[in-house]
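The opening position of the sequence shown corresponds to residue 3 in my numbering, with each subsequent residue numbered one higher. Beneath this line is the structure, given in structure tokens, with notes to follow.
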Amino acid sequence: MKVNEKIEKDCKESWCPALPQLVLDGRVLNYTIKRSGKASSLRITVDAVVGIQVTAPVKYKTEVIGRIMQDKSAWVLEKMDYLSALAGCPLPRMFVDGEQFFFLGNRYTVKLHINDQIMVDTIKINDQTMFIEVPLALHQEGGAAAVRAALVKWYKNKANYILNNRINLYKEVIGVKPAKIRIKEQKHRWGSCSGKGNLNFNWHLVMAPVNVIDYVIVHELCHLKRLDHSPAFWGLVEAVLPDYQIRRRWLKRYSPVLTF
Numbered sequence: 003m004k005v006n007e008k009i010e011k012d013c014k015e016s017w018c019p020a021l022p023q024l025v026l027d028g029r030v031l032n033y034t035i036k037r038s039g040k041a042s043s044l045r046i047t048v049d050a051v052v053g054i055q056v057t058a059p060v061k062y063k064t065e066v067i068g069r070i071m072q073d074k075s076a077w078v079l080e081k082m083d084y085l086s087a088l089a090g091c092p093l094p095r096m097f098v099d100g101e102q103f104f105f106l107g108n109r110y111t112v113k114l115h116i117n118d119q120i121m122v123d124t125i126k127i128n129d130q131t132m133f134i135e136v137p138l139a140l141h142q143e144g145g146a147a148a149v150r151a152a153l154v155k156w157y158k159n160k161a162n163y164i165l166n167n168r169i170n171l172y173k174e175v176i177g178v179k180p181a182k183i184r185i186k187e188q189k190h191r192w193g194s195c196s197g198k199g200n201l202n203f204n205w206h207l208v209m210a211p212v213n214v215i216d217y218v219i220v221h222e223l224c225h226l227k228r229l230d231h232s233p234a235f236w237g238l239v240e241a242v243l244p245d246y247q248i249r250r251r252w253l254k255r256y257s258p259v260l261t262f
């Protein structure tokens with residue numbers, strides 16, 4: 003199961019230092035130009051993490067790119083607005099007060115506190131608010147990166163606990179025993195199963211509802227019986243989760259914003 007693809011770093015590609023802008027109906031959005039020797043035409047990517055990015059052949063002049071972007075501005079803004087609506091806040095996130103993050107399918111509004119009395123960051127959820135405390139020294143040194151690091155650590159801890167509990171439940175239901183289980187960062191997949199019986203799960207999955215987490219876990223556990231996507235495989239999944247297609251559709255719709 004693939005996560006919406008993000009742009010990968012290429013040692014042969016270089017970043018344009020300028021931050022050109024896109025203007026439509028009084029709205030102004032920055033975008034980034036990445037020049038690539040591999041590109042044969044201009045490609046526009048609208049992403050929840052990197053924002054608006056243009057990959058262009060080296061020979062394309064910045065003025066030409068600007069005109070093309072202005073022609074495509076309505077589509078770009080529509081796409082960005084769609085992603086922001088799914089996320090519940092403007093994208094890409096800047097890790098400041100008022101932004102929203104998913105946890106177990108619910109969106110929580112960030113309340114950030116930079117605290118000079120603590121040495122370790124903390125995150126707590128109360129009602130619909132996510133309270134994030136970051137030590138002053140860390141924030142002075144890292145800024146938004148320090149807030150992001152606190153979030154990554156918190157989500158990973160939650161994912162290890164929640165996903166392992168759900169895996170233990172469903173491996174008994176399905177009657178399988180994974181060789182190894184790893185919960186880690188995966189750029190393009192929510193879960194995977196190797197021919198040796200090793201299962202990998204993306205820690206970002208904990209941002210999804212529990213029933214969607216269960217779908218991914220059941221999907222991968224069923225691969226321990228059938229390592230394919232044949233009708234027989236889907237029959238195994240459906241036997242455990244008759245409504246798996248509903249869960250799968252939720253994941254497909256929201257996966258572009260279950261990241262930061």
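Note that the Cβ used here is the ideal one computed from N, Cα and C, for glycine as well. Fair warning: this is a prediction, and the values are worked out from it, not measured in the lab.
Paired residues, beta bridge with residue i - DSSP
i	result
Phe103	Tyr110
Phe203	Ile185, Gly193
Lys179	In DSSP, Lys179 forms no bridge with anything.
Residue interval of the beta strand (DSSP E) (run including residue i)
i	result
Pro211	No beta strand (DSSP E) contains Pro211, which DSSP labels as neither H nor E.
Lys158	Unbroken run through Lys158 is the alpha helix (DSSP H), 146-176; no beta strand (DSSP E).
Gln72	Careful: Gln72 lies outside any beta strand (DSSP E), inside the alpha helix (DSSP H) at 64-73.
Gln55	53-59
Arg251	Run containing Arg251: none in the beta strand (DSSP E); it sits in the alpha helix (DSSP H), 246-256.
Arg95	Arg95 -> no beta strand (DSSP E), and no H or E assigned at all.
Pro137	131-137
Glu119	The displayed chain sequence assigns Gln, not Glu, to residue 119. Taken as a continuous stretch (DSSP letters only), Gln119 belongs to no beta strand (DSSP E), as it is neither H nor E.
Beta-carbon contacts of residue i that lie in its chain and below 7 Å, excluding the five residues immediately before and after
i	result
Glu65	none
Ala181	Lys198, Gly199, Asn200
Asp99	Val112, Lys113, Leu114
Thr124	Glu135
Cβ-based neighbour list, residue i, same chain, cut-off 8 Å, excluding 5 preceding and 5 following
i	result
Ile9	Since pLDDT at Ile9 reaches only 33, below the 50 mark, its modelled position is unreliable, and the value read off the structure follows with that caveat. Lys36, Thr47, Asp49, Val52, Gln55, Thr57, listed in sequence order.
Ile219	Leu165, Arg168, Ile169, Tyr172, Gly193, Phe203
Gly144	Ala151
Leu138	Ile116, Asn117, Asp118
C-alpha gap between residue i and residue j, whole angstroms
i	j	result
Trp77	Glu101	24 Å
Gln142	Lys155	19 Å
Arg251	Ile127	27 Å
Val5	Glu222	Because Val5 carries a pLDDT of 47, less than 50, the predicted location of this residue cannot be relied on, and no value is offered for it.
Lys185	Ser194	In the sequence as presented, Lys is not what sits at residue 185; that position holds Ile. Those two C-alpha atoms are separated by around 11 Å.
Glu15	Arg191	Any reading at Glu15 must be qualified, since the residue scores a pLDDT of 42, below 50, and its modelled position is unreliable; the value itself is stated next. Near 25 Å, if we compare the C-alpha coordinates of Arg191 and Glu15.
Val178	Lys198	13 Å
Asn32	Ser86	15 Å
Lys11	Asn108	Because the pLDDT at Lys11 is just 40, under 50, the model does not fix this residue reliably, and the point stays unresolved.
Ser75	Phe97	26 Å
His274	Val175	Residue 274 cannot be examined here, being either before or after the span of the chain that is shown, 3 to 262.
Residues near residue i by beta carbon distance below 6 Å, same chain, minus five either side
i	result
Phe262	Arg95
Ala89	Val259
His115	Glu135
Start and end residues, alpha helix (DSSP H) containing residue i
i	result
Leu238	233-242
Within 8 Å, do at least three Cβ pairs link the stretch 120-134 to the stretch 241-250? Contact fails: fewer than three Cβ-Cβ distances are below 8 Å.
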